[in-house]
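The structure under discussion appears below in the form of structure tokens.
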Amino acid sequence: HTMPNCPPAITLSAPVFGSLIKQTDSIRIQFSLNDPDNNASFVEIYVNNRYYTTVLAGTKTLKLVPLPVGEHIISIYAFDSEGKGHEKSTRFRVVSTVNVKIEKNTPLMTLFPNPAENRITISINPPTDGNLRIEITSTAGKSVVRLEKVATTPTAMEIPVDISYFSRGTYVVTAYLRNKRLAQAKMIVN
528 HTMPNCPPAI
538 TLSAPVFGSL
548 IKQTDSIRIQ
558 FSLNDPDNNA
568 SFVEIYVNNR
578 YYTTVLAGTK
588 TLKLVPLPVG
598 EHIISIYAFD
608 SEGKGHEKST
618 RFRVVSTVNV
628 KIEKNTPLMT
638 LFPNPAENRI
648 TISINPPTDG
658 NLRIEITSTA
668 GKSVVRLEKV
678 ATTPTAMEIP
688 VDISYFSRGT
698 YVVTAYLRNK
708 RLAQAKMIVN
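Residue numbers for the sequence shown follow my numbering, beginning at 528 and rising by one.
Put into structure tokens, the structure is as follows:
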């Protein structure tokens, strides 16, 4: 009496679906293969639907070749000795690490680059209470970011801004308090 074949099962724990991985970080594929019958011995790994490598079954962490900026798919296939298979995929995005140079900080507004997290922090010391609006525009005049906050004095406000999707170029950061221009600074993303 033979037991019915149980297909292999893959657990893919990294990269996490939908995650953002910086171009400078190494990409690790982490997975495990479990086959109740113990007759699945290897997995095939595909990157962007192209064969990448074959590895033995078990729990593994593989360091991947650097990938270009953009969306990527990693698929893992396992087959047992009877041809039963299992597939797991994950999708993630590689983002460029941005370099930011700040020009013209003022006592009312200071920009702090945080390249490790692809963002800047805008620190504002509002002289009065009121509605605060922050606009970041490209030199072509296109509004890239528009944030509305309520300013209460004398509290300094720290506002993080994700700049991972900014194109290279020069941007003007303007803070308006009660619809009047409070401060302006320039930042160069490269």
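All C-beta atoms, glycine included, are put in the ideal place defined by N, C-alpha and C.
With the cut-off set at 7 Å, would you say residue 582 and residue 621 are in Cβ contact?
Along the sequence shown, read from residue 1 onward, the residue named residue 582 stands at position 55. Along the sequence shown, read from residue 1 onward, the residue named residue 621 stands at position 94. No, the pair does not count as a contact, with Cβ atoms beyond the cut-off.
Residue 677, buried or exposed, once every other Cβ within 10 Å from all chains shown has been counted against 16:
Taking the first residue of the sequence shown as position 1, residue 677 is located at position 150. By the beta-carbon neighbour count (other beta carbons within 10 angstroms, threshold 16), residue 677 is exposed.
My understanding is that residue 612 touches residue 604, with C-beta atoms under 8 Å, so please give their C-beta distance in whole angstroms.
Taking the sequence shown and counting its residues from 1, one reaches residue 612 at position 85. Taking the sequence shown and counting its residues from 1, one reaches residue 604 at position 77. Right, the Cβ-Cβ distance comes to about 6 Å (below 8 Å), so this counts as a contact.
Chain-order list of residues whose beta-carbon lies under 8 Å from that of residue 691 (same chain, five-residue window excluded):
Counting from one through the sequence shown, the residue named residue 691 turns up at place 164. Excluding its 5 nearest sequence neighbours in each direction, residue 691 has C-beta neighbours in its own chain below 8 Å: 547, 622, 623, 625, 645, 646, listed in chain order.
Taking residue 703 as part of the beta strand (DSSP E), name the residues at either end of that continuous run.
Within the sequence shown, residue 703 is the residue found at index 176, counting from 1. Boundaries of the beta strand (DSSP E) around residue 703: 696–704.
Which residue marks the beginning of the beta strand (DSSP E) containing residue 684, and which one marks its end?
Position 157 of the sequence shown holds residue 684. Element bounds for residue 684: 684–689.
Just reading off the beta strand (DSSP E) that residue 631 is part of, what are its end residues?
Within the sequence shown, residue 631 is the residue found at index 104, counting from 1. Where residue 631 is concerned, there is no enclosing beta strand (DSSP E), because DSSP gives it neither an H nor an E.
Just how far apart, CA to CA, sit residue 593 and residue 574?
As a first step, residue 593 must be located in the sequence shown, where it is residue number 66. As a first step, residue 574 must be located in the sequence shown, where it is residue number 47. So the alpha carbons of these two residues sit roughly 11 Å apart.
Determine contact between the stretch 626–633 and the stretch 653–664, defined as no fewer than three beta-carbon pairs at a distance below 8 Å.
Judged by Cβ distances under 8 Å, the stretch 626–633 makes no contact with the stretch 653–664, as fewer than three pairs qualify.
Rounded C-beta distance between residue 636 and residue 683? I'm assuming under 8 Å.
For the purposes of this step, residue 636 is identified with residue 109 of the sequence shown, where counting begins at 1. For the purposes of this step, residue 683 is identified with residue 156 of the sequence shown, where counting begins at 1. For residue 636 against residue 683, the beta-carbon gap comes to about 10 Å, at or over 8 Å, which does not count as contact.
If you run the structure through DSSP and keep just helix, strand and coil, what is residue 640?
Within the sequence shown, residue 640 is the residue found at index 113, counting from 1. Residue 640 falls in the strand class under three-state DSSP.
For the candidate residues 681, 660, 680, 679, whose alpha-carbon lies nearest to that of residue 672?
Here the question's residue 672 lines up with position 145 in the sequence shown. Shortest Cα-Cα distance from residue 672 to any of 681, 660, 680, 679 involves 660.
With a 10 Å radius around its C-beta and 16 neighbouring C-beta atoms as the bar for buried, classify residue 667 as buried or exposed.
Start at 1 with the first residue of the sequence shown, and residue 667 comes out as number 140. Around the beta carbon of residue 667, a 10 Å sphere encloses fewer than 16 other beta carbons of the protein chains shown; the residue is thus reported as exposed.
Buried or exposed by the 16-neighbour rule on C-beta atoms within 10 Å, applied to residue 602
In the sequence shown, the residue the question calls residue 602 occupies position 75. Here residue 602 is buried: its Cβ has 16 or more other Cβ atoms, across all protein chains shown, within 10 Å.
Using CA atoms only, rank isn't needed, just tell me which of 686, 675, 531, 577 is closest to residue 564.
Numbered from its first residue, the sequence shown carries residue 564 at position 37. The option with the nearest alpha carbon to residue 564 is 531.
Thinking just about the alpha-carbon of each residue, which of 578, 590, 606 is nearest to the one in residue 584?
The residue you call residue 584 lines up with position 57 of the sequence shown. Comparing Cα-Cα distances from residue 584 to each of 578, 590, 606, the minimum goes to 606.
8 Å Cβ shell around residue 680 - same chain, five flanking residues per side excluded:
Sequence index remark: in the sequence shown, residue 680 carries index 153 (1-based). If we look at residue 680 and ignore the five residues flanking it on each side, its Cβ neighbours are 653, 654, 655, 656.
Return the CA-CA distance between residue 559 and residue 540, expressed in angstroms with no decimal places.
Your numbering for residue 559 matches position 32 in the sequence shown. Your numbering for residue 540 matches position 13 in the sequence shown. Cα to Cα, residue 559 sits roughly 8 Å from residue 540.
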